[in-house]
Amino acid sequence: MAHRRYRVVVIPGDGIGPEVVSAALHALGPIRDRLDIEEVRAGLAYYRETGRPYPEGFFDKLRSADAVLKGPLATPVGPGGYRSINVEIRQRLDLYANLRPCRGYPGVSPRVFDVVVVRENTEGLYAGVEGRFRDEAYALKIVTERGSRRIVRFAFEYALSRGRRRVTAVHKANILKLSDGLFLEVFRGEAERYRDRLEVDELIVDAAAYNLARSPERLDVMVTLNLYGDILSDLVAGLAGSLGLCGSGQYGDNAAVFEPVHGAGFDIAGKGIANPVAAIHAARLMLEYLASRHGDEWLARAAGALDRAVEEALTVDRVLTPDLGGSAGTMDVAEAVRRRLEALLP
Ligand code: NAI
Numbered sequence: 003m004a005h006r007r008y009r010v011v012v013i014p015g016d017g018i019g020p021e022v023v024s025a026a027l028h029a030l031g032p033i034r035d036r037l038d039i040e041e042v043r044a045g046l047a048y049y050r051e052t053g054r055p056y057p058e059g060f061f062d063k064l065r066s067a068d069a070v071l072k073g074p075l076a077t078p079v080g081p082g083g084y085r086s087i088n089v090e091i092r093q094r095l096d097l098y099a100n101l102r103p104c105r106g107y108p109g110v111s112p113r114v115f116d117v118v119v120v121r122e123n124t125e126g127l128y129a130g131v132e133g134r135f136r137d138e139a140y141a142l143k144i145v146t147e148r149g150s151r152r153i154v155r156f157a158f159e160y161a162l163s164r165g166r167r168r169v170t171a172v173h174k175a176n177i178l179k180l181s182d183g184l185f186l187e188v189f190r191g192e193a194e195r196y197r198d199r200l201e202v203d204e205l206i207v208d209a210a211a212y213n214l215a216r217s218p219e220r221l222d223v224m225v226t227l228n229l230y231g232d233i234l235s236d237l238v239a240g241l242a243g244s245l246g247l248c249g250s251g252q253y254g255d256n257a258a259v260f261e262p263v264h265g266a267g268f269d270i271a272g273k274g275i276a277n278p279v280a281a282i283h284a285a286r287l288m289l290e291y292l293a294s295r296h297g298d299e300w301l302a303r304a305a306g307a308l309d310r311a312v313e314e315a316l317t318v319d320r321v322l323t324p325d326l327g328g329s330a331g332t333m334d335v336a337e338a339v340r341r342r343l344e345a346l347l348p
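So the sequence shown is numbered by our numbering: it starts at 3 and just counts up by one.
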């Protein structure tokens, strides 16, 4: 039977984006043939050229693709310019779940662990409801029962489907009694349906940061509100040794967008030294998503092989970029992963 092909929109993005995204596509080796790729430009460089942050029909394109793989899109700081395209994509496509799995690799990372941050992606302090009145400024933190329920369910279902052992809710409900309190209440209610199959736990966000810094290997899946998830997932990446190691998937009911967790890395852009592993993991998460959505067993196996190929390229071949103390270039890593993948895939 002929294998199904998938329509994927690829947004190279800003700074190191084009480098790490093309490296990730190179690393896919034989899997690459299963993707029909349409490249779409957007971001700061595009804005400087055209006066707009993304082209006409941008969101319809993202919606109608089977999946989207994107590089970082830079946002000008402060008023003026444009609103974060990343936030706009999340809101317009209703990508409510932001999954950020991150591992520390033995002999490569300062810490060895395997943690997944499931971040609520459309509400909280990032809902974009801000106001300024003379010398005072306000940001509304929005927490809804519906939003909390769907992210908590996503985390539990993800944990079950991936054979994880525990889900921890991370919150600040001792201070933010109504907003974080609602999130926690929903978590506790949903947890009742999973207690027989998963361990259920709760941590206040400051304690979660402390526990992560001290013993990340003791944490498993964490589900949390938007801002905490943003910060904690960078902490996790730091524990792994580099932002360049962790990929992420953003999921809605009808669309999904995959990206490295890092930003545009302007300080190293154009030098060919950015770590492409985060972008490769983003691509791997995309393959897992396509495989499970379309019941594609070959693709599921291929995604698993890609994960192993990354591990072998880093820990056995030790092809490491400067952020991990090595001297390899972006494409050296991509090539090492591709070779390992070709050996693993039948
Ligand atoms: P950043 O992640 O771009 O850089 C932070 C530090 O990590 C830099 O020293 C950079 O060189 C290093 N780094 C990042 N990725 C790396 C990689 N793959 N390999 C090696 N080193 C790496 O964060 P920053 O500087 O705060 O943001 C720059 C721009 O990126 C901003 O305009 C921001 O808005 C945007 N951004 C976009 C995101 C997205 O599209 N999802 C996420 C975060 C930031």
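Here a beta-carbon is modelled for each residue, glycine too, at the ideal position from N, C-alpha and C.
Under the rule that 16 or more other beta-carbon atoms within 10 Å means buried, what is Glu192, buried or exposed? Looking at its Cβ environment, which holds 16 or more other Cβ atoms inside 10 Å, Glu192 is buried.
Report the option in Trp300, Asp325, Val279 whose CA atom is closest to the CA atom of Glu337. Val279
With a threshold of 7 angstroms, establish whether the CB of Glu290 neighbours any heavy atom of the ligand NAI. no
If we count the other Cβ atoms within 10 Å of its Cβ and call it buried at 16 or more, is Val318 buried or exposed? Classification for Val318: exposed.
Look at the alpha carbon of Glu204 and the alpha carbon of Gly59, and state the distance between them as a whole number of angstroms. Rounded to whole angstroms, Glu204 to Gly59 spans 42 angstroms at the Cα level.
When you compare only the Cα positions, how much space is there between Pro218 and Phe61? 37 angstroms
Mind checking whether the beta-carbon of Ala44 lies closer than 7 angstroms to any heavy atom of the ligand NAI? no
Any residue whose CB is nearer than 5 angstroms to a heavy atom belonging to the ligand NAI, listed in chain order: Pro74, Leu75, Ala76, Thr77, Asn88, Leu245, Gly246, His264, Gly265, Ala266, Gly267, Asp269, Ile270, Ala276, Asn277, Asp325
Straight-line gap, Asp68 to Asp137 (C-alpha atoms, nearest Å): 46 angstroms
Look at the Cβ atom of Arg102, then the Cβ atom of Val259, and state whether they are nearer than 8 angstroms. no
At 3 residues or longer, what runs of the beta strand (DSSP E) sit wholly inside the region 60-104? 69-72
Note down, one range per segment and in chain order, each beta strand (DSSP E) of at least 3 residues found wholly within the region 211-250. If we require 3 residues or more, the beta strand (DSSP E) runs fully inside the region 211-250 come out as 223-226.
Give the DSSP-derived three-state secondary structure of Thr323 in the structure shown. coil
Supposed close pair Leu241, Arg320 - CB separation, criterion 8 angstroms: Actually they are not in contact, since the Cβ atoms of Leu241 and Arg320 sit about 20 angstroms apart, beyond 8 angstroms.
Buried or exposed: which applies to Val79, given that a residue is buried once 16 or more other Cβ atoms fall within 10 Å of its Cβ? exposed
With a threshold of 7 angstroms, establish whether the CB of Gly297 neighbours any heavy atom of the ligand ADP. In the structure shown, the ligand ADP is absent; the only ligands present are the ligand NAI.
Please state if the CB of Asp16 and the CB of Leu75 are separated by a distance shorter than 8 angstroms. yes
Lys273: buried (16+ other C-beta within 10 angstroms of its C-beta) or exposed? exposed
6 angstroms CB neighbourhood of Val12 in its chain, flanking five on each side removed: Ile39, Glu41, Leu71
Whole angstroms are fine: how far does the CA of Glu90 sit from the CA of Tyr49? 15 angstroms
Would Ala284 and Ser235 qualify as a contact pair, given that the criterion is a beta-carbon distance under 8 angstroms? Against a cut-off of 8 angstroms, the Cβ pair of Ser235 and Ala284 comes out as no contact.
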